[in-house]
Amino acid sequence: VQLQASGGGLVQAGGSLRLSCIASGSIFSFNAVGWYRQAPGKQRELVAGITSGGSTDYADSVKGRFTISRGNAKNTVHLQMNSLKYEDTAVYYCNADPIPFWSWGQGTQVTVSS
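So the number in our numbering is just where the residue sits in the sequence shown, counting from 1, plus 4.
Written as structure tokens, this is what we have:
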């Protein structure tokens, strides 16, 4: 299984980004998928998850600002990030939720300037 996250970049505080994660197979179809992030010097944390049935959950720190969704393609999951804050700066990854048992991809860097 290969996971490829994309869509990161440099954005000013208050701005938006849309991340995408593409899997090499149709593994997303029957598994819950999550977006994780790791900031420098911190542990990786789960920020958003979506079940195979479409139910979503969010960390308190991003609730109301981030939206996770499944793409039209069965192997794609997105993360819409609005009202970005400096503390959202991190490398973002996708993986299974709540146990990230797939191999980690390279992630995509999100940098929010204050």
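Beta carbons are placed, not taken as given, at the ideal position from N, Cα and C, and that holds for glycine.
Small disclaimer: the values here were computed from a predicted structure and weren't measured.
Sequence-distant residues of the same chain with beta carbon closer than 7 Å to residue i, five excluded per side
i	result
residue 78	30, 32 and 33
residue 19	88
Rounded separation between residue i and residue j - CA only
i	j	result
residue 48	residue 41	5 Å
residue 97	residue 12	10 Å
residue 118	residue 109	28 Å
residue 67	residue 52	9 Å
residue 102	residue 73	16 Å
residue 14	residue 57	33 Å
residue 80	residue 38	12 Å
Those residues which DSSP pairs with residue i across a bridge
i	result
residue 15	116
Own chain, CB closer than 6 Å to residue i, minus 5 neighbours either side, in chain order
i	result
residue 100	35 and 106
residue 69	86 and 87
residue 10	24 and 112
residue 8	26 and 109
Reduced DSSP category for residue i - H, G, I as helix; E, B as strand; rest coil
i	result
residue 28	coil
residue 8	strand
Close Cβ partners of residue i (< 8 Å) along its chain, the five nearest in sequence each way excluded
i	result
residue 6	27, 28, 107 and 109
Every unbroken beta strand (DSSP E) within the stretch 30-82, with a cutoff of 3 residues, ordered by chain: 37-42, 49-54, 60-62 and 70-74
Secondary structure, beta strand (DSSP E): runs of 3+ residues fully inside the stretch 82-108: 94-100
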